[in-house]
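Chains as they are written, first to last, in the working numbering: chain A, 242 to 646; chain B, 242 to 646; chain C, 242 to 646; chain D, 242 to 646. The next block holds one structure in the form of structure tokens; read it before the comments.
Protein chains: 4
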Amino acid sequence: MPGEIVELRGHIVDSLLLPKVLDEITGRGGVFELEELRIGRRRTDPSHARIRVEADDPDLLEEILTRIQEHGAELVDTEDVHLAPAPGDGVFPDRFYVTSNHPCSVRVAGRYIPVSPVRMDCAVVVDAGASTARAVRFAGVRQGDPVVVGHRGVRVRPVQRDVRRADHFEFMASETSAEKPKGVVIRAIAAAMRETRDAGQKVLLVAGPAVVHTGAVPHVVRLIEAGYVQVLFSGNALAVHDVERAWYGTSLGIDVEHGRPVEAGHQHHLHAINRVRALGGIHAAVETGALTTGLMHACVRRNVEFLLAGSVRDDGPLPDVIVDMVHAQREMGLRVEGVGFALMVATMLHSIAAGNLLPASCRIACVDINPAVVTKLADRGSFHAIGLVTDVEPFFHELLTVLEA
Amino acid sequence: MPGEIVELRGHIVDSLLLPKVLDEITGRGGVFELEELRIGRRRTDPSHARIRVEADDPDLLEEILTRIQEHGAELVDTEDVHLAPAPGDGVFPDRFYVTSNHPCSVRVAGRYIPVSPVRMDCAVVVDAGASTARAVRFAGVRQGDPVVVGHRGVRVRPVQRDVRRADHFEFMASETSAEKPKGVVIRAIAAAMRETRDAGQKVLLVAGPAVVHTGAVPHVVRLIEAGYVQVLFSGNALAVHDVERAWYGTSLGIDVEHGRPVEAGHQHHLHAINRVRALGGIHAAVETGALTTGLMHACVRRNVEFLLAGSVRDDGPLPDVIVDMVHAQREMGLRVEGVGFALMVATMLHSIAAGNLLPASCRIACVDINPAVVTKLADRGSFHAIGLVTDVEPFFHELLTVLEA
Amino acid sequence: MPGEIVELRGHIVDSLLLPKVLDEITGRGGVFELEELRIGRRRTDPSHARIRVEADDPDLLEEILTRIQEHGAELVDTEDVHLAPAPGDGVFPDRFYVTSNHPCSVRVAGRYIPVSPVRMDCAVVVDAGASTARAVRFAGVRQGDPVVVGHRGVRVRPVQRDVRRADHFEFMASETSAEKPKGVVIRAIAAAMRETRDAGQKVLLVAGPAVVHTGAVPHVVRLIEAGYVQVLFSGNALAVHDVERAWYGTSLGIDVEHGRPVEAGHQHHLHAINRVRALGGIHAAVETGALTTGLMHACVRRNVEFLLAGSVRDDGPLPDVIVDMVHAQREMGLRVEGVGFALMVATMLHSIAAGNLLPASCRIACVDINPAVVTKLADRGSFHAIGLVTDVEPFFHELLTVLEA
Amino acid sequence: MPGEIVELRGHIVDSLLLPKVLDEITGRGGVFELEELRIGRRRTDPSHARIRVEADDPDLLEEILTRIQEHGAELVDTEDVHLAPAPGDGVFPDRFYVTSNHPCSVRVAGRYIPVSPVRMDCAVVVDAGASTARAVRFAGVRQGDPVVVGHRGVRVRPVQRDVRRADHFEFMASETSAEKPKGVVIRAIAAAMRETRDAGQKVLLVAGPAVVHTGAVPHVVRLIEAGYVQVLFSGNALAVHDVERAWYGTSLGIDVEHGRPVEAGHQHHLHAINRVRALGGIHAAVETGALTTGLMHACVRRNVEFLLAGSVRDDGPLPDVIVDMVHAQREMGLRVEGVGFALMVATMLHSIAAGNLLPASCRIACVDINPAVVTKLADRGSFHAIGLVTDVEPFFHELLTVLEA
């Protein structure tokens with residue numbers, strides 16, 4: 242009966258890696274023998290397992306090994322990665338290895354090289370000479386690049402629950418109840434933002450236009466001014482509504498202060514776009530003194546990098562919007578480097594786009610009034626994503642209160 | 242061709258009564274002649290229409306007249322109501338007239354008697370001797386009571402937009418956009434609550450257990466203490482969670498302050514119920530000094546009438562809960578008298594129950610994080626119901642801030 | 242350092258009991274020693290763990306033991322349950338043990354007696370003489386009854402994943418993705434219904450009025466006629482809409498066939514209620530020949546036990562509705578005996594009420610178009626509940642197609 | 242007191258144009274005199290109103306006239322449109338007139354020229370020489386183009402309820418209740434599709450990836466084969482999932498037939514993309530015989546024009562996806578010409594994009610399981626949009642059943 246020996250290390254019991262691995266083995270019809278199992282007696286003690294995996298035939302064994310590798314199981318007897326040349330620009334070879342958002346390394350000439358960046362849904366291009374391995378998306382591969390195929394020689398180290406920190410954020414993230422007290426979650430988010438800032442890492446805000454509709458702009462401006470946001474990902478609509486509000490006091494033609502539709506209010510939207518286009522963009526609008534308030538103004542003034550990605554439903558768009566999606570993804574990929582915390586508010590589109598680029602170790606908080614959106618975004622199979630179903634404006638108001646306390 | 246002449250009065254254009262009446266006539270295949278139409282030139286000027294309605298046969302004419310009556314069309318040549326005796330206790334005669342939540346009168350001996358209370362889904366029992374007409378539910382009718390049948394002699398006066406007041410509340414209510422700025426809506430609610438209190442009318446709060454889960458209890462306690470709530474409708478769960486929080490600091494076993502599940506926390510819920518049962522009820526719990534904080538405590542201390550209606554999913558229930566639904570409805574019916582404003586928060590069940598008892602003229606605000614619930618509750622075909630999709634705790638926080646300003 | 246030895250048995254790895262127990266111990270600050278761990282090599286092999294638990298002080302140790310007991314950990318050195326007399330009718334003693342929906346036994350005079358029925362949120366009343374132990378709700382306890390207090394001598398056996406069966410239902414239930422193919426889930430539900438019927442167990446249908454609104458009545462009637470439903474739990478609304486549809490062809494005044502509001506259609510609802518009241522109830526309406534079609538008719542004709550529990554929002558209600566909630570819960574408790582499968586469709590209220598009464602081992606499927614309802618209902622921490630987000634009428638249509646194939 | 246005379250024509254009462262106009266006048270503080278009002282006595286008779294509008298000052302009068310113009314009020318004494326040159330490429334002059342999705346004409350040299358296409362959120366560029374007027378988006382304007390500014394000389398003819406047809410579709414569209422029987426709505430959609438096909442107009446299908454997830458592909462393929470779809474708007478995800486399903490039998494790694502996650506299933510998604518990229522696109526995949534089944538295959542085989550617009554969350558994307566959003570919008574604008582019916586299913590992004598391009602007269606049906614999406618999409622202030630909250634697969638199944646009957 243064909244078999245292999247694999248090992249698992251770390252917090253493999255409370256991060257549920259061991260049960261998942263054993264379940265994959267038996268669920269697919271294999272058998273295992275726990276050759277060794279040492280389980281830490283305290284939260285912070287690491288565990289170790291040495292498991293012999295057997296299956297009726299080599300194909301099934303291979304399938305099982307592929308699956309459990311994703312949960313951190315590592316072959317004791319392994320070999321170098323297999324490589325194949327990319328058959329064309331933007332095309333990977335057959336059976337290319339697809340990355341997850343967990344750290345992985347590839348064995349080249351007997352040594353493990355870390356794959357960088359940690360990013361899901363990429364292939365791995367190896368430069369054996371320089372001993373580097375890059376995770377690349379389709380657009381980044383060139384004909385002939387040596388690409389990892391199959392799973393041999395690939396080692397995955399799943400992000401585990403950080404039991405030493407045992408902080409609020411991790412705790413909140415691991416709980417799923419929709420009915421946990423929201424004040425506690427907001428305090429956990431605030432703490433994560435402070436830690437991120439203090440650690441010199443970047444906070445990424447991914448935000449939808451409801452930030453403007455609900456009247457949260459003044460809160461977000463204060464967050465920016467207090468240095469809690471370094472990068473903003475959004476789309477055309479947020480910026481347009483923000484500028485419309487700054488210039489006309491309306492959002493989609495509704496008076497933000499009084500709630501009344503105003504004369505020709507529905508035209509403000511397009512007139513605001515037109516004016517920014519005439520000025521040449523948001524930076525120009527601020528620098529010429531035309532735009533003196535609002536969220537985008539604060540970004541320009543405080544050097545928050547903002548990236549506005551277009552969509553097919555955009556009006557305008559503003560000149561600042563990147564209308565080419567491949568270009569936008571590449572730019573977003575560059576800007577997530579150094580991000581330690583991502584706050585995603587009221588936009589499924591941009592949040593998923595950002596989530597695709599972030600490693601599993603990056604802490605994430607997803608806030609939306611629609612529980613289905615929160616569930617979808619926060620469900621990353623990691624201990625570092627937290628969801629909060631609440632309203633946008635009061636969320637920012639409370640977050641600011643906690644941060645300024 | 243059979244025909245009748247009807248009249249319409251009031252703000253029949255901007256309350257859309259005239260278009261609805263004409264639409265009903267032509268939509269069902271009738272024809273009309275506008276014998277007279279006087280439309281007010283300013284918002285506050287009343288209008289008047291005199292319409293000849295014709296149809297191919299008397300049945301169709303009758304059908305049309307029945308329908309347009311609901312929109313306020315009144316027969317010029319009318320007659321007394323038709324009455325039939327109730328065939329048994331709790332049973333109405335065939336073809337009994339079903340009331341709406343708009344004021345109506347019935348013609349008895351040539352004179353119009355107002356039907357009281359204004360309540361939907363009732364029959365009308367006439368006491369010709371006393372010249373009174375009561376709207377009664379099934380449980381309230383006794384064998385032999387004279388009940389109105391058919392629609393002859395019934396006059397409906399639909400509640401119209403109060404254009405003189407033209408206040409924020411009416412404006413907000415008539416707008417349907419989910420994206421109106423929430424601060425404006427909350428200010429309109431606050432203004433309505435102040436007006437109601439100043440007018441010596443009662444404010445009814447209908448609230449679900451999310452008031453406790455989300456941490457809104459302290460806000461509601463302050464509303465109560467400031468005299469903004471006179472009646473509370475809720476169920477067993479709100480009271481149990483409130484008492485659990487007061488005694489154990491948890492809500493369904495989750496620490497409200499820290500968000501952590503506590504030892505045996507899931508048992509607090511049942512232990513809290515047991516303790517109130519042992520004490521004999523909420524009033525006793527307050528009077529014996531056992532319960533010293535929370536929402537129910539505030540109600541007892543400030544003489545807010547609370548009515549807890551049972552449901553089939555209740556744990557316990559507390560001794561204060563009315564477990565007989567017919568009894569609960571009757572008690573609720575008595576307590577809505579004098580209510581000028583109803584604030585319905587985070588409970589569809591109790592809100593619909595309350596809504597069934599309130600006249601169309603009573604101002605209502607429905608607040609829920611689920612847009613489907615708000616749509617269902619606020620859609621009463623009246624100019625006096627306003628919906629707000631937001632989170633419970635921040636809503637009360639902001640409402641309190643506005644009211645205390 | 243105070244310590245105790247506990248044991249765990251069964252599929253403790255893939256049912257995640259072992260990780261949960263170890264996590265509770267270390268998460269609360271205790272330490273453990275795995276004195277023995279034997280893990281089954283195949284899916285169907287049971288595992289066994291013997292764990293020494295230690296904590297800094299006896300109180301913490303006690304807390305930890307209470308918690309891990311719920312996950313099946315059993316003290317090796319144990320003692321008889323502690324009993325205290327109920328201080329009054331409907332009141333339990335302080336610190337009464339609260340049951341879960343997993344099977345438990347209590348040790349009396351050295352022997353373990355099973356507690357019956359398996360029902361959550363009850364206390365346990367022991368009859369030492371008869372060697373029986375009953376789970377009773379508040380309404381069922383009488384002054385002086387001996388009630389279990391604390392957790393000593395209580396043994397819980399959590400329902401584990403039935404790995405031998407490894408059927409579709411279990412598989413579907415353990416997956417959480419909202420995007421699993423619905424046809425597969427419906428086939429799993431159909432298989433569970435067939436197995437339940439073939440095993441001579443009862444199928445419980447818990448259904449809301451959307452069954453009528455969406456036009457699913459003919460499908461449900463065929464399910465009933467094919468013997469797939471033995472018990473129906475619902476409320477007044479389902480029955481009223483069904484009867485209205487049977488007599489007038491409308492549901493809330495909308496023509497079910499053509500979608501047009503009909504003349505005085507909104508009155509059909511109340512006229513239907515009135516007619517059933519006049520006839521004396523649904524059984525009388527069928528037996529007198531007045532009601533000849535529809536869901537309720539099918540229940541009467543096919544001897545499906547139906548239980549209609551009232552609510553405070555009911556119109557009428559029909560004479561068949563149990564308006565006393567304590568009475569309704571007691572009756573529901575009697576009727577769930579022998580239920581092997583519960584299908585809950587489009588009603589949160591009645592589904593939660595039924596769910597409170599069912600043991601964790603009973604298979605449950607929850608179907609609703611609102612994902613939040615499905616999440617809430619299907620999330621019972623068991624391997625036997627499955628959720629499906631879909632529309633009611635097509636669900637029954639497809640279910641019927643599969644069952645009739 | 243400054244005043245003007247305006248006229249309204251058509252079904253101004255039951256299309257609610259007259260009440261809206263009078264409400265705008267009085268709501269903004271103006272007064273009116275109904276100089277003439279002729280209301281049609283039957284459904285199909287047109288009405289006519291001649292209204293004198295007065296306001297305290299010329300600015301207010303101007304504001305009122307601008308607003309009521311949108312509801313079809315037309316100045317009796319008017320003048321030619323005012324024109325101003327575009328100050329730059331992609332920039333309109335200040336105060337440019339913003340189009341709605343209702344037909345409008347502009348008066349040039351005393352004659353009214355229709356603006357084409359009928360499209361919202363555009364400016365109007367006039368070619369006086371050729372007597373043409375084009376609605377252009379920002380990207381379409383060149384420096385110096387003469388653009389309409391202000392509202393003088395613009396005539397709007399709002400789409401009115403087509404009372405002659407009085408068909409099911411219009412009826413369904415004008416009703417808002419979420420509880421209308423779905424079968425009736427589906428029959429109305431089927432009828433509209435048949436009429437559109439019979440009239441030689443195009444049916445546009447706008448579809449999200451849930452079409453594949455829910456297993457609806459075979460139904461849509463049959464719709465395409467029966468000639469019911471001429472244009473498909475979607476994104477990368479629909480096509481990728483469809484191809485993944487065709488090649489691997491999975492959708493996002495879940496076996497569509499059996500619901501089980503398959504070996505390396507999550508990699509199928511990216512391997513499918515890679516293979517289409519290697520082949521050069523969907524057309525090439527079909528023509529080379531690599532792709533032989535599924536939705537995209539049917540589109541290629543049956544010459545359905547498909548337009549896949551990119552988004553920032555795309556994996557890949559496929560070579561067929563237009564990644565430049567301005568380009569995508571322009572292409573979509575070309576393809577909506579001749580569309581008589583648009584069926585929008587399970588995608589808010591692409592549906593809004595399409596809705597922005599369609600005239601108010603185009604019949605639209607929006608189908609989604611999320612009521613908030615349906616409300617947002619169907620709420621176009623027109624009598625030609627219908628919403629349906631249901632599940633995707635059963636919807637197409639039932640639609641097909643009706644169409645094939």
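Don't be surprised by glycine CBs; every beta carbon is placed ideally from N, CA and C.
Are the C-beta atoms of A/PHE610 and some chain B residue less than 8 Å apart?
Here residue 610 of chain A refers to the residue found at position 369 when the first sequence is read from its first residue. Correcting the residue type first, residue 610 of chain A is Ile in the shown sequence and not Phe. Output row for A/ILE610: interface = yes.
Tell me which residues share the same chain as C/GLN401 and place their Cβ nearer than 6 Å to its Cβ, disregarding the 5 neighbours each side in the sequence.
As a position in the third sequence, residue 401 of chain C is number 160, starting the count at 1. If we look at C/GLN401 and ignore the five residues flanking it on each side, its Cβ neighbours are GLY251, HIS252, SER256.
Against chain D, does B/PRO287 count as a neighbour if the rule is that its beta carbon must be under 8 Å from one of theirs?
Start at 1 with the first residue of the second sequence, and residue 287 of chain B comes out as number 46. No, B/PRO287 does not count as interfacial toward chain D.
Nearest CA to the CA of D/GLY281: which residue from B/GLY271, B/LEU575, B/ILE280, B/ILE427?
Stepping through the fourth sequence from its first residue, residue 281 of chain D is reached at position 40. Closest by alpha carbon: B/GLY271.
For A/ASP556, which residues in chain D fall below 9 Å Cβ to Cβ?
Locating residue 556 of chain A in the first sequence gives position 315, where the first residue counts as 1. Neighbours of A/ASP556 on chain D, chain order: ASP362, ARG378, PHE379, ASN597.
Can you say whether B/LEU575 is buried or exposed, counting buried as having 16 or more other CB atoms within 10 angstroms of its CB?
Translated into the one-based positions of the second sequence, residue 575 of chain B becomes position 334. Label assigned to B/LEU575: exposed.
What is the rounded straight-line gap between the Cα of C/HIS343 and the Cα of A/CYS607?
Here the question's residue 343 of chain C lines up with position 102 in the third sequence. Here the question's residue 607 of chain A lines up with position 366 in the first sequence. In a straight line, the C-alpha of C/HIS343 is about 34 Å away from that of A/CYS607.
Of all the options A/VAL339, A/GLU276, A/SER475, which has the alpha carbon lying nearest to the alpha carbon of A/LEU536?
Position 295 of the first sequence, counting from 1, holds the residue named residue 536 of chain A. Selected option, being the one with the closest Cα: A/SER475.
From the DSSP secondary-structure annotation, give me the bridge partner or partners of A/TYR353.
On the first sequence, residue 353 of chain A is found 112 positions in, with the first residue counted as 1. In DSSP, A/TYR353 forms a bridge with A/ARG348.
Hey, is C/ALA407's beta-carbon within less than 8 Å of any beta-carbon in chain D?
Working through the third sequence from its first residue, we reach residue 407 of chain C at position 166. Caution applies to C/ALA407, whose pLDDT of 47 falls short of 50 and renders its modelled position unreliable; the value that the coordinates give is listed next. Not closer than 8 Å to any Cβ of chain D, the Cβ of C/ALA407 fails to qualify, so no.
Along chain A, in chain order, which residues have C-beta atoms closer than 7 Å to that of C/PRO260?
Working through the third sequence from its first residue, we reach residue 260 of chain C at position 19. Within chain A, the residues near C/PRO260 are VAL254, ASP255, LEU257, PRO260.
Counting pairs of Cβ atoms below 8 Å between the region 303–314 of chain D and the region 243–250 of chain D, do you hit three or more?
Yes, the region 303–314 of chain D touches the region 243–250 of chain D.
Using the DSSP secondary-structure output, state which residues sit across from A/THR373 in a beta bridge.
Position 132 of the first sequence, counted from the start, is the residue given in the question as residue 373 of chain A. The partner list for A/THR373 (beta bridge, DSSP) reads A/ASP368.
Smallest Cα separation from D/LEU618: which of D/GLU645, D/MET585, D/LEU598?
By 1-based counting over the fourth sequence, the position of residue 618 of chain D is 377. Residue D/MET585 is the option with its Cα nearest to D/LEU618.
8 Å is my cut-off, CB to CB: does D/GLY424 come that close to chain C?
Locating residue 424 of chain D in the fourth sequence gives position 183, counting from the first residue. So, interface residue.
Measuring only the C-alpha atoms, how far is D/GLY468 from C/CYS603?
Here residue 468 of chain D refers to the residue found at position 227 of the fourth sequence. Here residue 603 of chain C refers to the residue found at position 362 of the third sequence. Distance between the alpha carbons of D/GLY468 and C/CYS603: 48 Å.
When the Cβ atoms of the region 378–388 of chain D are set against those of the region 445–456 of chain C, are three or more pairs found closer than 8 Å?
Segments in contact, no.
Using a C-beta cutoff of 8 Å, does A/VAL614 count as contacting chain C?
Along the first sequence, one-based indexing puts residue 614 of chain A at 373. Closer than 8 Å: no.
What's the call for C/ALA440, buried or exposed, on a 16-neighbour Cβ count within 10 Å?
Locating residue 440 of chain C in the third sequence gives position 199, counting from the first residue. So C/ALA440 counts as exposed.
Take C/VAL461 and list the residues in its own chain whose beta-carbon comes closer than 8 Å to its own, dropping the five residues that flank it on each side.
What you label residue 461 of chain C is simply residue 220 of the third sequence in a count that begins at 1. Within the same chain, C/VAL461 has close Cβ partners LEU446, ALA448, VAL452, VAL470, LEU536, ALA539, PHE637.
Which one of D/VAL347, D/GLY596, D/LEU259 has the shortest CA to CA distance from D/HIS312?
Counting from one through the fourth sequence, the residue named residue 312 of chain D turns up at place 71. The candidate whose alpha carbon is nearest that of D/HIS312 is D/LEU259.
Residues of chain A with CB closer than 7 Å to the CB of C/ARG282, please, in chain order.
Numbered from 1 along the third sequence, position 41 holds the residue referred to as residue 282 of chain C. Result: VAL272, PHE273, GLU274.
At a CB-CB cut-off below 9 Å, which residues of chain A make contact with B/ASP632?
Locating residue 632 of chain B in the second sequence gives position 391, where the first residue counts as 1. Within 9 Å Cβ-Cβ: LYS423, ILE610, VAL630, THR631, ASP632, PRO635, PHE636.
For chain B, check one thing: does any of its Cβ atoms lie closer than 8 Å to the Cβ of C/GLN384?
Position 143 of the third sequence, counted from the first residue, corresponds to residue 384 of chain C. Not closer than 8 Å to any Cβ of chain B, the Cβ of C/GLN384 fails to qualify, so no.
Looking at the C-beta of A/THR534, does it have a partner C-beta in chain C at a distance below 8 Å?
One-based indexing of the first sequence puts residue 534 of chain A at position 293. Chain C contact via Cβ: absent.
At what residues does the alpha helix (DSSP H) containing D/GLU528 begin and finish?
As a position in the fourth sequence, residue 528 of chain D is number 287, starting the count at 1. 523–528 is the span of the alpha helix (DSSP H), which, as asked, contains D/GLU528.
Cβ of A/GLY456 less than 8 Å from any chain B Cβ?
Taking the first residue of the first sequence as position 1, residue 456 of chain A is located at position 215. So, interface residue.
If you draw a straight line from the alpha carbon of D/ARG393 to that of A/VAL517, how long is it in whole angstroms?
Translated into the one-based positions of the fourth sequence, residue 393 of chain D becomes position 152. Translated into the one-based positions of the first sequence, residue 517 of chain A becomes position 276. Roughly 26 Å separates the two Cα atoms.
Please name the residue in B/VAL347, B/GLY370, B/VAL426 whose C-alpha comes closest to that of B/ARG398.
On the second sequence, residue 398 of chain B is found 157 positions in, with the first residue counted as 1. Nearest C-alpha to B/ARG398: B/VAL347.
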